[in-house]
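Chemist: Have a look at the structure that comes next, please.
Protein chains: 2
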Amino acid sequence: MDATVRSGPDAERARATVEAGLSAGEVVSLFGRCRVTYDGRASSRLETGDRLLLLKPDGTALVHTAAGHQPVNWQPPGGEHEPTVDSEGLVVASTRSGAEETLLVRFETVAQVTRYPADEGSGPTVEGTEADLKERVLTEPELIEAGFEPRATERDTPAGAVDVYGVDADGRTVIVELKRRRAGPDAVGQLRRYVEALRRDSHDAASIRGVLAAPSVTNQARELLAEEGLEFVAVEPSVEGT
Amino acid sequence: MDATVRSGPDAERARATVEAGLSAGEVVSLFGRCRVTYDGRASSRLETGDRLLLLKPDGTALVHTAAGHQPVNWQPPGGEHEPTVDSEGLVVASTRSGAEETLLVRFETVAQVTRYPADEGSGPTVEGTEADLKERVLTEPELIEAGFEPRATERDTPAGAVDVYGVDADGRTVIVELKRRRAGPDAVGQLRRYVEALRRDSHDAASIRGVLAAPSVTNQARELLAEEGLEFVAVEPSVEGT
DNA sequence: GATTCTATCTCGCTG
DNA sequence: CAGCGAGGTAGAATC
C-alpha cells in the first residue's frame, strides 16, 4: 500500500472515492496519466503525462508534475469539483462559477486515489517579513539615521499609504519605503509617487525627503533614486541570532 | 487502499518508502499529522496539524493543508530531501545548500505514503498571455490607433525593454506598454520610465508619446497617466471565439 | 467588490 | 550570476 502501485482502481471506483472524500470535506489526491485543459482568464492545454491532481474541499485544484514549485495547472479556491466517468474514463472538472473558468483533468489511467481528512488548521507564524522590518525601524529609528523620529505608519497620501512617515533631526519630513530584500526600480517608483504626492501639497517641497530602506539596491534603482533626489539606507531584514 | 487509511506505516517503513521513491526519481506524497519549521529567507513555525507533504525529486517540497492554492510551507527546487527517524518519529528535512535554507517536517503520525514515477513532461501551452497580446498588436496595429506603425518589440532603453515601439500617423515616436489585465500604478511607472529615458536622449521630447494598452486602468493609474502626459488605449487581451 | 501591495513569491529570459 | 518583468500570479488589508 505504501509502495509503487502497479494497477489502480477502475474509473468508477476512483470517481466514487473522489466524490465521497470531497463531500466529507477531505483532501483527495490522484496520481495518474492525464490530459489537462484550462479555459478562463487565459487558456492552456497540457498533453498526456503522469501527474498528481490534488483536490481540496474549498474548490482548489492543483496539477503537479515531477518538477517545480508551481503547479502546472490549477484552479483557485472558491469553485467546485465534479468527478464524472464517461466512455474514456475518469474526468474531474473544477469550475469557478462567478468567473467563467474551467479546469478539466481527463485521466487515461488512475494509479492511486487517496482521501485524507486534513484540517485547515491555522496558518504559519512567519518572521522576517516586511512588517517585521517595519517594527524594527519603529523601535530602532536610528537604523534609518541618527535623529530620525517615526511619526506614523501606513500614512495615507493621494498616491497610497507610506510605510513609515517621520521627521529628521532638522525637522524635515522623511518618507521611508521599506523592502525586505534587494530593491529594484518598482520600489523607487513607489517611493517617488509618495514623495511627489506630499511635495505637491507642501509649500516647501525641499523639506520632504524620501528614503528607500532595503538590504541593497540594483544599479538601475540607484540611478533612479539619484535622478529623483531620493536616498538609500541599508537595513538588514532580520538578524535572528546575532 | 483507495479509501481512508485508518492506520499508517510505522516511521521506519515510511522513511524507507520515501528514500526509495526519491532515489528512484519518483514523486512522494505523505499524509499525516506534523509540525513544520522553516528557516532561511524568513522563518516560520507551524503547529501540529493534518497536512500533505509532497516531495519531488528536484528538491521541491510542498506542505498543503485542506484549503488554499498556496502551500502553507515549502522549499523551492534545487535542494535535497533527507528522511530520518529519531525517537519521536519520521522527520523529513529539505535543504538548499547554497542558500542557507531548511524546511523541517516532523511527523507525529504518518497516515499514508505514496510514491509515483511521474515524468516531468513538458509544460502547458498557454494562450492569452501578454506575449499573445503583443502579437495581436503587431498584426493589428490599428488596435492602438489608426496609422500606428510598429517598428520594434522589446526595444532597449536605459530603463529597460519597451514592449512595442513604433510611430504614429504624424511620424511621432510611440512607446506602448502592454498589460493583459487591468493596469495599476506599477504599469504607469514602467511606461513613464521608458518614455523619460527616450525623451532624455531626444532633442524633441514632445515628439515621444507613451501609450498604456490594457483592458482597463484603475483610477489612480489614470491620474498618473494624466500627470505624466501619457495615454491609455483599451485593448482586450484575447478574443478566442468571437 | 475594487484597489493596492506583499510574497520565504516562482519563473523565464537576457546580459 | 544578477537584473528585470510576467504571472491564469495568490493572498491580505483597506476602503
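For the record, the sequence lines run as chains S and L.
The first sequence: position 238 = 238 (the numbering used here), numbered continuously.
To convert, take the position in the second sequence, counting from 1, and add 242; that gives the numbering used here.
Each residue gets a CB set at the ideal place from its N, CA and C atoms; glycine is no exception.
Every value quoted in this text rests on a predicted model; they were computed, and no experiment measured them.
How many angstroms separate the CA atom of residue 205 of chain S from the CA atom of residue 195 of chain S?
Modeler: Roughly 9 Å separates the two Cα atoms.
Chemist: For residue 308 of chain L, which residues from the same chain have a beta carbon less than 8 Å from its beta carbon, with the 5 sequence-adjacent residues on both sides left out?
Modeler: Answer for residue 308 of chain L: 292, listed in chain order.
Chemist: Secondary structure at residue 257 of chain S, three-state DSSP: helix, strand or coil?
Modeler: Outside the shown range of chain S (1 to 242) lies residue 257 of chain S, about which nothing can therefore be said.
Chemist: Where do the ends of the alpha helix (DSSP H) carrying residue 185 of chain S lie?
Modeler: Residue 185 of chain S -> alpha helix (DSSP H) spans 185 to 200.
Chemist: Tell me the rounded alpha-carbon separation between residue 225 of chain S and residue 180 of chain S.
Modeler: Approximately 18 Å, taken between the alpha carbons.
Chemist: To the nearest angstrom, how far is it from the Cα of residue 473 of chain L to the Cα of residue 229 of chain S?
Modeler: The straight-line gap from Cα to Cα measures roughly 26 Å.
Chemist: Which residues in chain L have a C-beta closer than 7 Å to the C-beta of residue 126 of chain S? List them in chain order.
Modeler: Correct list: 284 and 286.
Chemist: Flag this pair as touching only if the segment 31 to 43 of chain S and the segment 94 to 102 of chain S have three or more C-beta atom pairs under 8 Å; answer yes or no.
Modeler: The answer is yes - the segment 94 to 102 of chain S touches the segment 31 to 43 of chain S, with three or more Cβ pairs under 8 Å.
Chemist: Just the C-alpha distance for residue 29 of chain S and residue 251 of chain L, rounded to the nearest angstrom, thanks.
Modeler: Each residue's alpha carbon lies about 18 Å from the other.
Chemist: Grab me the residues of residue 345 of chain L's own chain with a C-beta within less than 6 Å of its C-beta, minus the 5 sequence neighbours each way, in chain order.
Modeler: These residues qualify, in order along the chain: 280, 303, 317 and 336.
Chemist: Which of the residues in the segment 214 to 234 of chain S, read from start to end, lie with their CB under 8 Å from any CB of chain L?
Modeler: Taking 8 Å as the Cβ-Cβ cut-off against chain L, the residues of the segment 214 to 234 of chain S that qualify are 220 and 224.
Chemist: Report the option in S:52, S:86, S:116 and S:63 whose CA atom is closest to the CA atom of residue 274 of chain L.
Modeler: Out of S:52, S:86, S:116 and S:63, S:116 has the C-alpha closest to the C-alpha of residue 274 of chain L.
Chemist: Among L:323, L:343 and L:457, whose alpha-carbon lies nearest the alpha-carbon of residue 372 of chain L?
Modeler: Per the Cα distances, L:457.
Chemist: Provide the residue span of the alpha helix (DSSP H) that contains residue 367 of chain L, from first to last.
Modeler: Note, residue 367 of chain L: premise wrong, no alpha helix (DSSP H); beta strand (DSSP E) at 367 to 369.
Chemist: Tell me the DSSP bridge mates of residue 73 of chain S?
Modeler: Paired residue(s): S:63.
Chemist: How close, in whole Å, do the beta carbons of residue 157 of chain S and residue 198 of chain S come, if the pair is a contact with beta carbons under 8 Å?
Modeler: Right, the Cβ-Cβ distance comes to about 6 Å (below 8 Å), so this counts as a contact.
Chemist: Taking three-plus beta-carbon pairs below 8 Å as touching, is the segment 138 to 158 of chain S in contact with the segment 116 to 128 of chain S?
Modeler: Verdict: no, contact absent.
Chemist: Against residue 449 of chain L, what residues of chain S qualify as contacts under a CB-to-CB distance less than 9 Å, listed in chain order?
Modeler: Near residue 449 of chain L there are no residues of chain S at all, since even the closest Cβ is about 22 Å away, more than 9 Å.
Chemist: Run down chain L in chain order and give the residues with a C-beta less than 7 Å from the C-beta of residue 120 of chain S.
Modeler: Chain L residues near residue 120 of chain S: 307, 308 and 309.
Chemist: Under 8 Å by Cβ, that's how I've got residue 92 of chain S and residue 53 of chain S pegged, so tell me the actual separation to the nearest angstrom.
Modeler: Indeed they touch by this definition, with Cβ atoms about 6 Å apart.
Chemist: For residue 278 of chain L and residue 449 of chain L, I'd like the C-alpha separation in whole angstroms.
Modeler: Approximately 58 Å, taken between the alpha carbons.
Chemist: My understanding is that residue 64 of chain S touches residue 319 of chain L, with C-beta atoms under 8 Å, so please give their C-beta distance in whole angstroms.
Modeler: About 12 Å separates the two Cβ atoms, so there is no contact after all.
Chemist: Does the beta carbon of residue 94 of chain S sit closer than 8 Å to a beta carbon anywhere in chain L?
Modeler: No, no contact with chain L.
Chemist: Contact criterion: CB-CB distance below 8 Å. Does residue 428 of chain L meet it with respect to chain S?
Modeler: Yes, contact with chain S.
Chemist: Between the segment 17 to 33 of chain S and chain L, which residues of the former have a C-beta closer than 7 Å to a C-beta of the latter?
Modeler: Within the segment 17 to 33 of chain S, the residues whose Cβ lies closer than 7 Å to some Cβ of chain L are 17, 27, 29 and 31, listed in chain order.
Chemist: Who are the near neighbours of residue 478 of chain L in its chain, counting only those whose CB is closer than 8 Å to its CB and skipping five residues on each side?
Modeler: Hits under 8 Å: 457.
Chemist: By alpha-carbon positions, which one of L:480, L:322, L:410 and L:329 ends up nearest to residue 348 of chain L?
Modeler: For residue 348 of chain L, the nearest C-alpha among the options comes from L:329.
Chemist: Which chain S residues are close to residue 314 of chain L, counting only those with a beta carbon under 9 Å from its beta carbon?
Modeler: Result: 121, 123 and 124.
Chemist: With residue 133 of chain S and residue 153 of chain S assumed to form a contact (beta carbons below 8 Å), what rounded beta-carbon distance in angstroms separates them?
Modeler: Not quite, the Cβ-Cβ distance comes to about 11 Å (not below 8 Å), so this is no contact.
Chemist: Taking its Cβ as the centre, do 16 or more other Cβ atoms sit within 10 Å of residue 114 of chain S, making it buried, or is it exposed?
Modeler: With 16 or more other Cβ atoms within 10 Å, it is buried.
Chemist: What residues match up with residue 332 of chain L in a beta bridge as DSSP calls it?
Modeler: Residue 332 of chain L is bridged to L:327.
Chemist: Under 8 Å Cβ to Cβ from residue 460 of chain L, same chain only, skipping five residues before and after it: list those, please.
Modeler: Here the set comprises 424, 425, 426 and 427.
Chemist: Cα separation between residue 108 of chain S and residue 12 of chain S?
Modeler: If I take the Cα positions, the gap works out to 13 Å.
Chemist: Quick one: what does DSSP say residue 260 of chain L is sitting in, helix, strand or coil?
Modeler: Three-state result, residue 260 of chain L: helix.
Chemist: What does residue 52 of chain S reach in chain L if we use C-beta pairs closer than 8 Å?
Modeler: Neighbours of residue 52 of chain S on chain L, chain order: 269, 271, 296, 358 and 360.
Chemist: Run through DSSP, which three-state label would residue 118 of chain S get?
Modeler: Reduced to three states, the DSSP call for residue 118 of chain S is coil.
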